[in-house]
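Q: I have a structure here, written as structure tokens, and I will follow up with some questions on it.
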Amino acid sequence: MPSLSAPQILRALASRNLASRSILLHSRRYTEAAIEPPPAGGHSPTIAHSPILRTTRDSALKTPGIVWGSDADHEDGDKTGRDTRKMNMYQAVRDAMSTALANDESAVVFGEDVAFGGVFRCSMGLSEEFGRERVFNTPLTEQGIVGFGIGLASMGHTAIAEIQFSDYIYPAFDQIVNEAAKFRYRSGGNFNVGGLTIRTPSMTVGHGGLYHSQSPEGFFMGAAGLKIVVPRSPIQAKGLLLSSIQDRNPVIFLEPKILYRSSVEQVPTSSYTIPLSKAEILTPGTDLTVLSYGTPLYTARTAMSYLAEPPASIEHLVPKPLRSAKIELIDLRTIMPWDVKTVVESVNKTGRLVVVHEAGKIGGVGSEIASTVTEKCFLKLQAPVKRVTGWDTPVALAYEKFYTPDAIRILDAMVETLTY
Amino acid sequence: MLSLRTIRARSWRSIPLARTIATSETSAPHSPPQRHGFLPGAPASAITTKLHFFNSVLEQSQIPTYRVLDGSGNIVEGAVEPEIDEAFARRLYHTMNLLPVLDTLLYNVQRQGKISFYMTTHGEEASVVGSAAALGSRDEVLGQYREMGVLLWRDYPLSSVMGQCFSNENDDSTKGRQMPVHFGSPEHHFHTISSPLATQIPQAAGVAYALKRDTERRGKDCAICYFGEGAASEGDFHAGLGMASVLGGPLIFFCRNNGFAISTPTTDQYAGDGIAARGPAYGMDTVRVDGNDVLAVLGAVREARRRAVTGGKAVLVEAMTYRVGHHSTSDDSYAYRARQEVEDWKKIDNPLHRMRRYLETKGWWDAAAEEALKDSQKKIVMEAFRAAENTPKPVLDNIFTDVWDEMPWILKEQKEELREILRKYGDVWEPYKTERVKFRGNGVLEP
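Chains A and B are the protein sequences, given in the same order.
Counting the first sequence from 1 gives a position; the working numbering is that position plus 50.
Counting the second sequence from 1 gives a position; the working numbering is that position plus 5.
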């Protein structure tokens, strides 16, 4: 399990109380001394060496679906001359925001503690580079942050708001659901907040307990008018975040916080986007579709390797004929509006579907996808759609290992579905 | 004596020591007494040995109310009239009078079931129109719902007022999607009203910040955010004032304190000195004004605007008034207040009467002018009403558009589902049949 360093725990957890000011002072000293703080989410070996990460320049430049920005050096569309740089996910997020700030004078970045670089380092150096008028701290009020962002966006500005943890997005629920989501519709198209993007760290981190672990995407899925996006890696984070910022709808951008440091890729340094509402097939297959987003994609990849080559201790639980099964792994990427076409095509081909997410099962994303797939693929389905999710409990600190869908639970779901 | 810079340079660990010195409760300090403490939360706070709790902005009294016109429309002794010429004064009075004409008609029309809902401005004409008249025509307005007078001051067409309330195809505010009185018009810099209370308050902070960042508009335009004293109890009030005071941007917070939030009197709403007392807590220039005195409101908001625009900051105005009308057409206010109390307010402190008396004193108004105005306003309002009654609702397709910028597959599928339902049942099921003919194109969905 990854572990947080002491300063990171302080920064992440204590920032919720009055001690946040002292942390701010400490952190400023870090910045001034140019000391790289210790790792946030630690390094999960599962993630660091996952084959779904693109760790060479060549593979990074061949990222499927990538749309290059219009920088002058590459007007001919030649990809080979482009640079890449090794980045983890927080650096890629920072790179995306830096690109947005550089290309759009109206763009601003704000939230709690973003000026010194953010408690997860996503805005490091941005206030020094672009000025405190464009990258600034706000008072500690989530409803205020989102309301403020709506106001800015309604004036045609680009507002990139940060909610420190997605667990703390609920005070802004009214502003997001009743205001941002309905802004264009209720004004007959006269006003919109398309320039608003709400970034927020989400999902479990190993020891976040109830309020540093949540995956709230299901709560927002029914708020028509919003887009919800979850990246899986640095390349994806940069491209999807730039798409979200440019998109003419309010977007909630959920960043799996355990990936901030543990996922590392070669990320193209020039401007590019990755389209929203487009799922990506990570590994093609014909026997079973596994659909997920964010952190569990890595776990699913591990589960797939266990299926092919089970560790000795569980070998007897994985029937031999299943070991050659071809699993199609799909990254949904955009939760709303989601890519029904890719998912339905896949399930029509494989006849089987397992959906994996960290949020609880009831009212979760998996419920929506399972019912739609049942409607659209009824005659092709050879097994019930299976959902591997967090339990319908809060995320309890000491029990996280048994809460989060791990490789064994995903493996078991694959076996159960394949042998149905 | 430590300078502020020295204090800030101190490490956080020295603070407990500082606290000991500041309170002098444990041991006598060896250093000479400090004139100021140096806690970062209040660096200029003087150190005192006197234990003193306080509970109001002004000791032993409430914040005073700024007034220019007395109850009979005479200039109060010592008051300075805001700069106002005859044409401007008459326009003020015209607009103030148009409000009750529209209100009375639309209130009655709702009672007849011709529109679904309505909210009047009775009693608050001076607050709403007086503040509107103090603004620049491009100042951004974020309202609650009882601010139609601002739109009328800005010559919003009566066809649009009626169109919105009748949900017909002249509802250029909402395309028939929102309840009546939820107006909006980018052309008039009037942000579309929404029902959730106080949500516009932090949004106004963002709008003001946008104005501050816009080089074309900085130093020229401001935002104004209206809300009632009830809405000021919402968390978004605190969020909005906090954001605006720290982040800056030209903004006027304008509170209509009319004594009631539906049935709740202010005594059940707050225990402090109204809303104005909260302004200084956020470091905001604040004024309380007689909201039934249009000249006082005009003068106060002009000065608030000057401070907001030149200072690039937020200013708070609390206008004290009285909600003469019911909360809405869904409310009978005599269930919680005496009819006589309301009647008394109409007579004793009527903003329209006060303005009329002022105009007469100036020699700018007389009985004939009054009668002519009443006739002409009734006529144009009736014409707009009759036209609205016969205007169809927008095309039915509007149910699915503008949710996102482009219609996703989800809504395309649902639109097809509705089309199929209407194909099967639309001509034979009476409730569908009678409803769809009210829409432009007989409620047929476009492909």
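The beta carbon of each residue, even a glycine, is placed where N, CA and C say it ideally should be.
On a predicted model such as this, the values are computed, not experimentally measured, just so you know.
What does the alpha-carbon distance come out to for the pair Ser164 of chain B and Gly135 of chain B?
A: Cα to Cα, Ser164 of chain B sits roughly 23 Å from Gly135 of chain B.
Q: Taking its Cβ as the centre, do 16 or more other Cβ atoms sit within 10 Å of Gln115 of chain B, making it buried, or is it exposed?
A: Buried: at least 16 other Cβ atoms inside 10 Å.
Q: Report the residues of the segment 409–428 of chain B with a CB closer than 7 Å to any CB of chain A, ordered along the chain.
A: Here the close residues are Trp409, Asp410, Pro413, Trp414 and Ile415.
Q: By the 10 Å Cβ neighbour count, where 16 or more other Cβ atoms means buried, how is Ala516 of chain B classified, buried or exposed?
A: Lying before the first or after the last residue shown, residue 516 of chain B is absent from chain B, which here runs from 6 to 452.
Q: Is the segment 396–410 of chain A touching the segment 340–351 of chain A in the sense that three or more CB pairs, one from each, lie closer than 8 Å?
A: Taking 8 Å as the limit for Cβ pairs, the verdict is that the segment 396–410 of chain A does touch the segment 340–351 of chain A.
Q: Which of the three DSSP states, helix, strand or coil, is assigned to Asp217 of chain A?
A: Helix.
Q: Go ahead and pull the three-state DSSP assignment for Phe303 of chain A.
A: It is a strand residue.
Q: Starting from Arg236 of chain A, find everything on chain B with Cβ-Cβ shorter than 7 Å and list it in chain order.
A: The answer, in chain order, is Thr179, Arg182, Gln183, Thr197 and Ser199.
Q: Chain B partners of Gly199 of chain A, CB-CB under 8 Å?
A: Going along chain B in sequence order, the residues near Gly199 of chain A (Cβ under 8 Å) are Gly211.
Q: Measure the Cβ-Cβ separation of Gly284 of chain B and Met325 of chain B and say whether it is below 8 Å.
A: Not in contact: Gly284 of chain B and Met325 of chain B (Cβ atoms no closer than 8 Å).
Q: Sorted by chain position, which residues of the same chain lie with C-beta nearer than 8 Å to Pro101 of chain A's C-beta, five sequence neighbours on each side aside?
A: The residues are Arg351.
Q: Can you have a look at Tyr98 of chain B and say buried or exposed, based on whether 16 or more other CB atoms are within 10 angstroms of its CB?
A: Burial call: buried.
Q: Closer than 8 Å, CB to CB, is Gly258 of chain A near chain B or not?
A: For Gly258 of chain A, the answer is no, since every Cβ of chain B falls outside 8 Å of its Cβ.
Q: Count the other CB atoms within 10 Å of the CB of His57 of chain B; is the residue buried (16 or more) or exposed (fewer)?
A: The residue in question, His57 of chain B, is exposed, as its Cβ has fewer than 16 Cβ neighbours within 10 Å.
Q: Would you mind sorting Thr126 of chain B into buried or exposed? The rule is 16 or more other CB atoms within 10 Å of its CB.
A: Label assigned to Thr126 of chain B: buried.
Q: Flag this pair as yes or no: are the beta carbons of Ala157 of chain A and Arg182 of chain A separated by less than 8 Å?
A: For Ala157 of chain A and Arg182 of chain A, no; Cβs fall outside 8 Å.
Q: Against chain A, does Glu451 of chain B count as a neighbour if the rule is that its beta carbon must be under 8 Å from one of theirs?
A: No - not a single Cβ of chain A is within 8 Å of the one on Glu451 of chain B.
Q: Which residues of chain A have a Cβ atom closer than 8 Å to the Cβ of Thr204 of chain B, listed in chain order?
A: What Thr204 of chain B touches in chain A: Gly197, Asp224, Gln225, Asn228 and Glu229.
Q: Rounded to the nearest angstrom, how far is the Cβ of Ala301 of chain B from that of Val73 of chain B, given a contact under 8 Å?
A: Ala301 of chain B to Val73 of chain B, Cβ: 4 Å. Contact.
Q: Could you work out which residues of chain A lie near Val251 of chain B, taking near to mean beta carbons separated by less than 8 Å?
A: Per Cβ cutoff of 8 Å: Thr188 and Pro189.
Q: Using only the alpha-carbon positions, how far apart do Gln65 of chain B and Arg234 of chain A sit?
A: Approximately 49 Å, taken between the alpha carbons.
Q: Write down the C-beta distance between Asp145 of chain A and Val317 of chain A rounded to the nearest angstrom, noting that I regard them as a contact closer than 8 Å.
A: Yes, Asp145 of chain A and Val317 of chain A are in contact; Cβ-Cβ is about 7 Å, under 8 Å.
Q: Output the residue ranges of the alpha helix (DSSP H) runs that lie fully inside the segment 274–342 of chain B and measure 4 residues or longer, sorted by chain position.
A: Fully enclosed alpha helix (DSSP H) runs of 4 or longer: 299–316.
Q: Taking a cut of 9 Å between CB atoms, which residues from the segment 159–189 of chain A lie near chain B?
A: Residues Phe160, Glu183, Arg184, Phe186, Asn187, Thr188 and Pro189.
Q: Tell me whether Pro284 of chain A is buried or exposed, calling it buried when 16 or more other Cβ atoms sit within 10 Å of its Cβ.
A: Classification for Pro284 of chain A: buried.
Q: For the segment 328–342 of chain B against the segment 47–57 of chain B, are there 3 or more C-beta pairs whose distance is under 8 Å?
A: No: the two stretches stay apart, fewer than three of their Cβ pairs being nearer than 8 Å.
Q: I'd like to know if Tyr214 of chain B contacts chain A, where contact means its C-beta is closer than 8 Å to some C-beta of that chain.
A: Yes, because at least one Cβ of chain A sits closer than 8 Å to the Cβ of Tyr214 of chain B.
Q: Between the beta-carbon of Arg463 of chain A and the beta-carbon of Lys430 of chain A, is there less than 8 Å?
A: The question names Arg, yet the displayed sequence has Ala at residue 463 of chain A. Against a cut-off of 8 Å, the Cβ pair of Lys430 of chain A and Ala463 of chain A comes out as no contact.
Q: Measuring alpha carbon to alpha carbon, tell me which residue in A:Gly414, A:Val465 and A:Gly244 is nearest Leu372 of chain A.
A: Answer by Cα proximity: A:Val465.
Q: Strictly under 8 Å for the Cβ-Cβ distance: is Gln208 of chain B near chain A by that measure?
A: Yes - at least one Cβ of chain A is within 8 Å of the one on Gln208 of chain B.
Q: Of all the options A:Asp456, A:Leu379 and A:Ala222, which has the alpha carbon lying nearest to the alpha carbon of Gly245 of chain B?
A: Checking every option, the nearest Cα to that of Gly245 of chain B belongs to A:Ala222.
Q: Taking contact to mean at least 3 C-beta pairs separated by less than 8 Å, is the segment 178–195 of chain B in contact with the segment 242–254 of chain A?
A: Not touching, per the Cβ criterion.
Q: Nearest-angstrom Cα distance between Asp410 of chain B and Asn299 of chain A?
A: Between Asp410 of chain B and Asn299 of chain A, the C-alpha separation is close to 7 Å.
Q: Are the CB atoms of Ser327 of chain A and Pro455 of chain B within a distance shorter than 8 Å?
A: Given a span of 6 to 452 for chain B in the structure shown, any question on residue 455 of chain B remains unanswerable.
Q: Would you mind stating whether Thr392 of chain A and Val117 of chain A have Cβ atoms separated by less than 8 Å?
A: In this structure, Val117 of chain A does not lie closer than 8 Å to Thr392 of chain A by Cβ.
Q: Taking buried to mean at least 16 other C-beta atoms within 10 Å of its own C-beta, is Phe160 of chain A buried or exposed?
A: Answer is buried; the Cβ neighbour count reaches 16.
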